[in-house]
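Beneath this line is the structure, given in C-alpha cells, with notes to follow.
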Amino acid sequence: MGAGVSDQIGVNHLIARHAAGLVWLARYMERIENLARLLDVTRTFARDSDDSGSWLSILRINSDETAFFERHSETNADTITRFYLLERGNPSAVQTAIHMARENARMLRALISTEMWLQINIFHGRIRALTEADLVPDHLTAVCTMLKEGTQAHTGITEGTFYRDQCWNFYMIGRYLERADQTTRLLDIKFNALLPSAATSDANVDAGQWNTLLRAAAGYHAYRREHPNGFTPPEVAGFLLLNGLFPRSVRLNLAQLEWHLTQLHGQYHLRGAAMALERLDMLRGLLVTQSIEQILARGLSPFLDYVQSQIGALHGDIMSGLCGE
Amino acid sequence: MDDLGGGSVLSGYDPGAFFCEMLRPGQPPDPALSLLVSRLSAMPVEALRRRAADAERDLLERGITFTVYSDAAAIDRVFPFDLIPRVITAPEWRQIETGVIQRVRAMNLFLHDIYHDRKILKDRVIPPELVLGNQAYCEVMIGFTPPCGTYAHICGIDVIRDDAGRFMVLEDNARTPSGVSYVVENRHMTQRVLSDLMRGLAVRSVDEYGLRLHRAMTEIAPPGVLDPQVVLLSPGIFNSAYFEHVFLAREMGVPLVEGSDLIVEAGKVWMRTTAGLAPVHTIYRRLNDDSLDPDAFRPDSLLGVRGLIEAWRRGAVAIANAVGTGVADDKAVYAYMPRIIRYYLAEDPILPNVETRICREPDGLAYTLDHLHELVVKPVAESGGYGLIIGPHATKAQIEEFRARLQAHPDNYISQPVVQLSVSPTLCEHGVAPRHVDLRPFAVTGRDTWVLPGGLTRVALRAGSLVVNSSQGGGSKDTWVLA
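Read top to bottom, the protein sequences are chains Z and H. The numbers in this note's numbering rise by one with no breaks, and the one at position 180 of the first sequence is 231. The numbers in this note's numbering rise by one with no breaks, and the one at position 220 of the second sequence is 233.
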C-alpha cells in the first residue's frame, strides 16, 4: 500500500468523516454563542431600535446582506432578530446552526459523551420552540441569555466529559477556528465605523461604541483591567488581535489551534496535519512580528481580510489533509 | 409523596382466561414475584403514571427514538415504554436459553448444509424448491464456509406463550434483527425511574451485551490478526434504526461507519481514517444483503462497499451476519424447523413451534380446509403481518373466497391455530389492564452461542390486540430474568 496507509496496532482510529463532523459541531455551537452575544449587545447599546447602522453591521459581520434583503427591506431590531433567531434556512442563523450542530452530533453519537448529546438535543428543542413572542424587546435579552447559557453548558459539559483522544483535538480545532474567524469579522466591520472622524472629537460618544465592540467579543472587563485609562483605537484593536491571554483574541486562538494540530501530528502521527501547520506558522508569524501600530499604519482592513482568508484556507487544509475531503 | 388517590397499580386488574406473566395463576408462588406484586399493589396508579411521564420525556430528550421521515421533515418518535416489568423466572429462562441455543445451532448447520452438500434436501426432509427457489437463497454462498461455521451471528427468536403458559417459537429472525438496544435502555430507564421496585430482587444484568458481541466479532475475524478491528456498518443517520446502530457501536467501542467510509483495495478492506487507510477485520453490518456490495448484488446500491463480498469469500474480512441467512428465517422453512432440529441434532426441540400445518402436504391441507374458521392461514413469501386470514375474525364469504385461493396454490400457505398470547399488566389510559406480550431473546454466536438474559418484551398496547409490532401500535417493557 502507498503513502497514507497506517498499519499501527492499538491506535484508536478516527474515521475521517467523523473528524470533519467534530470540527463542524464545535463551529456551529460556537456560532450560536457569538450571535447571541452580538444581538444582545447590539440591542443594549444601539441608540434605539431604529439604529439601522448598528443592526446592519450584524449582517455585514456575517456576510448575510444578500440573504437578508431577499426577505426584508429594513434593518431594525425586529427584522434582524427575526432573521437570526426565528427564520430557517439562513446559513448563519441560530435555527440553522443548532440544526446542523445536532445533525453532526447525531452522526457522532457513538463518539461524543452521552451528556453532550443529551444537552444538544434538549437545547435544540428549546431553540426550535422560539416564537415571535420571545422577540419582544424586553424579552430578547432573556432569549440571548438562554442561547449563551446553552452553548456555555455545552462547552462545560464537553470539557468535563469528552474523552481526550484525537476526537477532542478535532473538536477544539473547530472551536478555535470559529473564534478566530469571528473576532476578525467583528473587528473588521466595527473598527472603521468607530474611528473618530476628523470632524468630531467627542471621545465620550465613542466610548459607548468601543464598549459595545469589546462586549460583543466578551472582552470588556479584561480590557478594562489591561487598559484602565480608557479606550484608544489601537489598544482595542491590539487587544482583540494580539493579546496572548484573552480567550477570543486571534493570536491566542491561533496558538491553541497550533497546539492541537501539533498533537495530531506528533501524538497521532497524522501526516495530513503538515500543510495546516505550515500555514499556521506563517500566519502566527504575521501576528507576532508586528505591533498593532505597524498593522494600523499599513491598513487594518486589508490585513484582516488576509487573516480571514488564511483562516478559511486553514479550515480547508484540515478538511483535505485529515478529513478526507 | 406517592399517596395520591385513584387506587393501586394492581387493584382491579383481571387477566381473565389469559396466562398472566405477573400473577401466574395455578403456579407455586415465587418469592421474588410475590415481593414485586406486593410492591405494585402498594403503589398508587397515579404515582406510576407520573413516573411514566418522566420516562417518556427522558426517552425523547435522550434521543432513544426511531426516526420517521415524512416530507423531508425528521420526526423522532419514542418506542412506547411500559414501566411495569415482564418477569421470567429462573426455570423458565433455562428453557428459553437452551431452546434458543439449540435452535441457533440447528440453523447454522442447516445454512452450512444448504450451501454445501444439501444432504437435508437429498434426504427429503424439506422440499428442495423451498430452499433453492427461496428469494433469500444466495448463490455467492455456495461452497463458502464463514469462520467458525457461523452464519447467523446475531439472532432474534420471537417466543410467545399460550393460555396454558407454554413457550413456543412464533418466528425466527436471522438476518439483521433489531431491538436489543431497547432491552438495555429499558433496563436503564427502570433503574432511573422505578429503582424502588427492583430493590433487593436478583434480576440478571443485561449490561454484558456489547462485550459479548465484540468478543464474538473478534472470534470470527480472519485468523492471525492480533487485535482485530471491528466496525459497525450502518446505512446512516436517516435509517429509522440509527439509534440502535449508535448504541451497538458505543457498547462495542468500535467505529460506526457508512459504506463510503470503507474501501476494498489490494484484496483487503480498509476504512478511511484521519491517518489514511486502516485495516478492517470484522464488519457487523446493519444493511440488507442486497445493499451490501454493488458488484455482487444490487448494482445501484449507494450504501454498500464495492468488492466486499469477494474480499469476504477470500477470508480477508468477516461479515456478520453472513449473507443468505434469510432462508433460515423464512416462514415456509419455519414450519420445518422442528424436523431440521431433529435432523441435525437428533434432539427434540426444547422450544416447540406453534403447531403449524404445511398446506403443501396433503394432511396439512385437508386439516386446514376443514378448520379454516378457527385457524390463521399465512402466506409464506411475505412478512410483517399482512396478507393473511384470521379464521375467527373472517366472514363466511371471506373464508370461502380464501378456500378457493388455498386450493389453487396450497404450496403458498401454512396454517396455525390462533394462539391466545399471555398478558402482562400494562399502564393504559384507564388504569392498569392486561395486554398481550411476546419476547424476542437475542443470541450472539461466534464460536459458541450466548443468549442475553432477558430480551425484548413487546406489548400490544391496544386492548385485545395480538399484534405487538412497533409499526402497529406495539410498545415494549423491561424484561426481568430472575437469578
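Positions of the beta carbon are idealized from the N, C-alpha and C atoms, including for glycine.
Worksheet entry | Separation of H/N121 from H/I127, as counted between CA atoms | The straight-line gap from Cα to Cα measures roughly 10 Å.
Practice prompt. Check the Cβ of Z/Q217 against every Cβ in chain H and list those closer than 7 Å, keeping chain order.
Written response: Here the neighbours are T287.
Worksheet item: Is it right to say H/E395 is buried, meaning 16 or more other beta carbons lie within 10 angstroms of its own, or is it exposed?
Response: Annotation note: pLDDT 49 at H/E395 (below 50); position unreliable, no value reported.
Practice prompt. For my contact list, H/D343 and H/A149 are in at a C-beta cut-off of 8 Å; report their separation, rounded to the angstrom.
Written response: About 6 Å separates the two Cβ atoms, so the contact holds.
Worksheet item: Residues of chain H with a CB under 8 Å from the CB of Z/N141: which are they?
Response: Result: empty, since nearest Cβ-Cβ is about 18 Å, beyond 8 Å.
Worksheet item: Along the chain, which unbroken stretches of the beta strand (DSSP E) at least 3 residues long are found entirely within the region 349-383 of chain H?
Response: none
Worksheet item: If we call anything under 9 Å between Cβ atoms a contact, is H/E34 one with H/R90?
Response: no
Practice prompt. Work out the CA separation of H/L96 and H/T203 for me, nearest whole Å.
Written response: Here the alpha carbon of H/T203 sits roughly 7 Å from the alpha carbon of H/L96.
Discussion item. Using C-beta distances below 7 Å, list every residue in its chain close to Z/N141, excluding the 5 sequence neighbours before and after it, in chain order.
Written reply: D115, A118, F134 and T147
Worksheet item: With 9 Å set as the bound, which would you pick, yes or no: does the beta-carbon of Z/G375 sit closer than that to a beta-carbon of chain H?
Response: Chain H contact via Cβ: present.
Worksheet item: Z/F354 lies in the alpha helix (DSSP H); which residues open and close that run?
Response: L351 to L373
Worksheet item: At least one CB of chain H closer than 9 Å to the CB of Z/N172: is that the case?
Response: yes
Item to complete: Count the other CB atoms, across all protein chains shown, that sit within 10 Å of the CB of H/G29; report buried if there are 16 or more and exposed otherwise.
Response: exposed
Worksheet item: Which class does Z/E277 belong to by DSSP, given the choice of helix, strand or coil?
Response: helix
Worksheet item: For the region 308-320 of chain Z, which residues have a beta carbon sitting closer than 9 Å to at least one beta carbon of chain H?
Response: L315, Y319 and H320
Worksheet item: Thinking C-beta only, is Z/Q217 closer than 9 Å to Z/L315?
Response: Yes.
Item to complete: Mark H/Q40 as exposed unless 16 or more other C-beta atoms lie within 10 angstroms of its C-beta, in which case mark it buried.
Response: exposed
Discussion item. On a Cα-Cα basis, can you pick out the residue from H/V277, H/R212, H/G337 and H/I332 that is closest to H/L124?
Written reply: H/G337
Worksheet entry | Amino acids of chain Z, ordered along the chain, whose beta-carbon sits closer than 9 Å to that of H/P236 | The premise fails here: H/P236 is roughly 16 Å from chain Z at the closest Cβ pair, so nothing lies under 9 Å.
Fill in: Unbroken beta strand (DSSP E) run spanning H/A456, endpoints
F455 to T458
Discussion item. My assumption, with CB atoms under 8 Å, is that H/G444 sits in contact with H/V58. Please give the rounded CB distance.
Written reply: Contact flag correct, Cβ pair sits at about 6 Å.
Worksheet item: So H/R225 is in the alpha helix (DSSP H); what residue range does that whole segment cover?
Response: Y222 to E232
Fill in: Contact between the region 461-479 of chain H and the region 433-451 of chain H (3+ Cβ pairs under 8 Å)
yes
Fill in: Neighbour-count burial assignment, H/P292, 16 or more Cβ in a 10 Å radius
Result: buried.
Item to complete: Show which residues of chain H have a CB atom less than 7 Å away from the CB atom of Z/W168.
Response: G76
Discussion item. Could you check whether Z/L237 and Z/W261 sit closer than 9 Å to each other, using their CB atoms as the reference points?
Written reply: no
Worksheet item: Are H/T102 and H/L46 close, meaning C-beta to C-beta below 9 Å?
Response: yes
Discussion item. According to DSSP, is H/D95 part of a helix, a strand, or is it coil?
Written reply: strand
Discussion item. DSSP three-state label for H/A446, please.
Written reply: Here H/A446 sits in strand by DSSP.
Worksheet item: Which of the residues in the region 219-234 of chain H, read from start to end, lie with their CB under 7 Å from any CB of chain Z?
Response: none
Item to complete: Measure the beta-carbon distance from H/G112 to H/L364 and round it to whole angstroms, keeping in mind my assumption that it falls under 8 Å.
Response: Contact check for H/G112 and H/L364: beta-carbon distance about 3 Å, within the 8 Å limit, so the pair qualifies.
Discussion item. 9 Å is my cut-off, CB to CB: does H/S208 come that close to chain Z?
Written reply: no
Discussion item. Since Z/M158 and H/I250 should fall inside the 8 Å C-beta cutoff, what is the C-beta to C-beta distance between them, to a whole number of angstroms?
Written reply: 6 Å
Worksheet item: Secondary structure at H/Q115, three-state DSSP: helix, strand or coil?
Response: helix
Practice prompt. Let me know the secondary structure DSSP gives H/T189 once reduced to three states.
Written response: coil
Fill in: Nearest-angstrom beta carbon gap, H/R217 and H/G468 [assumed within contact, 8 Å]
Contact doesn't hold; Cβ gap of about 11 Å is too wide.
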